[in-house]
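I have placed the structure first, in the form of structure tokens, so that the comments after it can refer back to it.
Residue numbers (my numbering): 6 to 555.
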């Protein structure tokens, strides 16, 4: 993983801010030393065994640690950096749930995120207890009515993919899950072509078993069964209890769709962008990342035209075409028709424009006469686009010209770069040195003879997109950690006394009466600074989602 040290620092800062220094200290030691047992955690953190056990249990409940218990009953733990980082996205996810599913659904999702994962019964109890504090209108409501509203909110969250199911494999160490799946399959003893075919079939069965163990889909039957048995203490023996947790893949897909739709809107106009927004709605939530692969491959998905026509009618009110950082270049009024209807000719013309444009992931299959979208090609295009966008803010125009030439032509020496780039040799060497010092490009030596004489060696410059993404991710993690530290150690510490006052239950509803004068001015200034810092962290988080999570 790119920038692991910077990512660990960022995750520790986040956990300390949300859950306190005790859990952050345990998480930091586990992230530093790797897989440890409870006794080793107590030794590294200089805690009593009982304290270490409590802290580790809390982190497992919050899904910030993964564990494995061996056959002799010894348990070991390691950190889950992905879930720790996802704490940043809770606010964005809750706000989107509020817009799509209502205020109660947002309260339910926020309560669920605060607990990591929980059962339906425990979640309902937590939401019911918090209701008077979050919304004073529910204090005297009938219990059955409140339960019905809670169940309706949970169903809405499940229907819109805001929550997913937690299975035992989700909190287990991935290596051990894979090892267990392999051990469940009989080894292949045959050789030759028959053995090769059996090994291929065995590998497919292992992957299918892992996919089944990690399936987070919440079925309607499982949800209804959880509602009906919420008050029953004893579960049926052998039955797996339904545990829910936030689905952060929803945020990643929103960031991806917004980036694609905004680019098409700027390049081709609003009609093709609306068509692409409808097409992207047909792609299921991507949970597994499309890891960069040196060997090109395709994951084609045919576009269902009937569903596309139906989706276009309500895209005007869908927030996937609104950029996640607050810009609204592609709004609900699309310049075509106020009710969202498009003629078949307009749809065909728009789809042809996308296929002929600079979007290699969308094409028309002449054999099947269907439009298709390459999911792996889409992920690669989004990553490369975001990589170049971030590089453009750090590198000179000449440097970006050289990078685009390397992307287009491959490995090039300085003579070819001079001929193609039409730049002075001094400017080119300065740009190459800048790119090399930033880690965006590398130099390969290719000797023309075995003696490796410098005069008989070719020096080829090349651009490695994976290396560039890793460098940018490390810088993003470091910047986000610095912003978080600025908010915690500087801004909040300076306003500590005032914040403790306004956060009291008896003051929260009448801040203007208690705080006044210069103290109120400082409080408003702090709130503005906090809002700006959090918005900047959210903007950087979108870049992380596009570079790492798709």
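Ideal Cβ positions, reconstructed from N, Cα and C, are used throughout, including at glycine.
These figures come from a predicted structure and were not determined experimentally.
- In the three-state scheme derived from DSSP, where H, G and I count as helix and E and B as strand, residue 84 is classed as strand.
- Excluding five sequence positions before and after residue 506, the CB atoms of its chain that fall closer than 8 Å to its own CB belong to 512, 519, 520, given in chain order.
- Remark: C-beta atoms of residue 461 and residue 472 do not approach each other more closely than 9 Å.
- Looking at the backbone, the Cα of residue 524 and that of residue 18 are separated by about 28 Å.
- Relative to residue 408, the option among 439, 379, 384 whose CA is nearest is 439.
- Across the set 30, 76, 223, the C-alpha of 30 shows the shortest separation from the C-alpha of residue 64.
- Within the DSSP bridge table, the entry for residue 447 names 467 as partners.
- The DSSP assignment places complete alpha helix (DSSP H) segments of no fewer than 4 residues inside the stretch 202-259 at 225-233, in order along the chain.
- Cα atoms of residue 157 and residue 514: separation of roughly 29 Å, rounded to the nearest angstrom.
- If you look at residue 357, you'll find it in the alpha helix (DSSP H) that goes 349-361.
- In summary, residue 90 is buried, with 16 or more beta-carbon neighbours lying within 10 Å of its beta-carbon over all protein chains present.
- DSSP places residue 169 within a strand segment (E or B) once states are collapsed to three.
- Of the candidates 266, 273, 437, 220, 220 places its Cα closest to the Cα of residue 247.
- Beta-bridge analysis with DSSP links residue 156 to no other residue.
- A contact between stretches requires three or more CB pairs, one per stretch, nearer than 8 Å, and the stretch 252-265 meets this requirement with the stretch 93-101.
- Of 105, 211, 174, the smallest CA-CA separation from residue 68 is found for 174.
- The beta-carbon distance between residue 81 and residue 40, rounded to whole angstroms, is 5 Å. This is short enough to meet the 8 Å contact definition.
- In the three-state DSSP reduction, residue 551 falls in the helix class (H, G or I).
- Distance from the CA atom of residue 93 to the CA atom of residue 543, rounded to whole angstroms, is 8 Å.
- For residue 306, the enclosing beta strand (DSSP E) covers residues 305-307.
- Between residue 116 and residue 194, the alpha-carbon positions lie close to 52 Å from each other.
- By the Cβ rule, the stretch 101-113 counts as touching the stretch 150-165, because three or more pairs are nearer than 8 Å.
- The three-state reading of DSSP puts residue 529 in helix, counting H, G and I together.
- Within the same chain, Cβ atoms closer than 7 Å to the Cβ of residue 484 are found at 545, the five residues on either side in sequence being excluded.
- The C-alpha of residue 539 is placed about 39 Å away from the C-alpha of residue 466.
- By the criterion of a C-beta distance shorter than 6 Å, residue 395 is surrounded in its chain by 477, once the five residues flanking it on both sides are discounted.
- Per the C-alpha coordinates, the member of 446, 381, 377 positioned closest to residue 404 is 446.
- Under the 10 Å beta carbon count, residue 61 is surrounded by 16 or more other beta carbons and is classified as buried.
- Taking all protein chains shown into account, residue 44 has fewer than 16 neighbouring C-beta atoms within 10 Å of its C-beta and is therefore exposed.
- Taking a C-beta distance under 9 Å as the contact criterion, residue 171 and residue 228 do not qualify as a contact pair.
- As summarised for the stretch 38-121, the continuous alpha helix (DSSP H) elements at least 4 residues long and confined to that stretch are 43-50, 54-66, 86-91, 95-106, 108-120, given in chain order.
- By a beta-carbon distance limit of 8 Å, residue 555 contacts residue 387. Their separation comes to about 6 Å.
- Here residue 74 has 80 as same chain residues with Cβ atoms under 6 Å from its own Cβ, once five neighbours each way along the sequence are excluded.
- Bounds of the beta strand (DSSP E) holding residue 378 are 375-379.
- A distance of 9 Å or more separates the beta carbons of residue 302 and residue 384.
- Beta bridge pairing from DSSP links residue 452 with 462.
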